[in-house]
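*Asks:* Sharing a structure with you now.
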Amino acid sequence: MHNASKAGTIMVKPKLPKGQLEPRPTTPSLETDTELSSNTLPKMSETLTTHSTQIEKVLQAVLDTRTSLEGKIDTLVAEVNILRTEHRKLADRVTTAETTLETAQPDIEEIKLRLQQQESEIQRLHKRADEAEGRSRRNNVRFLGFPEKIEQPNAESFLVHWLKETS
1 MHNASKAGTI MVKPKLPKGQ LEPRPTTPSL ETDTELSSNT LPKMSETLTT HSTQIEKVLQ
61 AVLDTRTSLE GKIDTLVAEV NILRTEHRKL ADRVTTAETT LETAQPDIEE IKLRLQQQES
121 EIQRLHKRAD EAEGRSRRNN VRFLGFPEKI EQPNAESFLV HWLKETS
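Per the UniProt record's numbering, numbering through the sequence shown is continuous, rising by one, with the last residue being 167.
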């Protein structure tokens, strides 16, 4: 049978012969108590003080870490809130842009159609201008061999007079 003593060691009791009872433990005497107290109480007190100091240091470190973490968490929460606000603003801007685009889409299609029509009209007018210029040049009569500006002040009267003289 095993028993733990007050000093923390394990004592082994020998097996008793059959029928023999275990002797009753004796109570420590006053001398033994005093001896125990004088040796172990100061050691226990010192150990308790040391452990108490270490526990206080650990608790202070935990509190400091907690305070630091709370500050960092507060900073992160503030930054997340700022990001949420910016996200909402961007989402609103995107929604506004999409709405504007959807509203403008029919107008854009109409403008594209009108632009195509105007480009066709411009091409048609260029062709007509080229034809008119060509006809104008074909119907022009050029007289060669005359000095410049001899027809002044009236080209028609000069030509009539010149034709009469030469014929």
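Even glycine gets a Cβ: it sits at the ideal position worked out from N, Cα and C.
#1: Pick out whichever of 143, 103, 61 and 148 has its Cα sitting closest to the Cα of residue 163.
#2: Locate the alpha helix (DSSP H) running through residue 156, then write down its first and last residues.
#3: If you run the structure through DSSP and keep just helix, strand and coil, what is residue 147?
#4: For residue 169, does the three-state DSSP call read helix, strand or coil?
#5: Determine, using beta carbons only, whether residue 158 and residue 148 come nearer to each other than 8 Å.
#6: Taking the C-alpha atoms as reference points, what is the distance between residue 83 and residue 61?
#7: Tell me the DSSP secondary structure of residue 57 in three-state form.
#8: Suppose you measure from the CA of residue 79 to the CA of residue 59; what does that come to, to the nearest Å?
#9: Alpha carbon to alpha carbon, how far is residue 168 from residue 100?
#10: Given residue 87, which residues of its chain have a CB within under 7 Å of its CB, disregarding the five upstream and five downstream residues?
*Replies:* Let me lay it out:
#1: 143
#2: 155-166
#3: coil
#4: Nothing in the structure corresponds to residue 169, since the chain is present only between 1 and 167.
#5: no
#6: 33 Å
#7: helix
#8: 30 Å
#9: Residue 168 lies beyond the residue range present for the chain, which begins at 1 and ends at 167; the question has no answer from this structure.
#10: none
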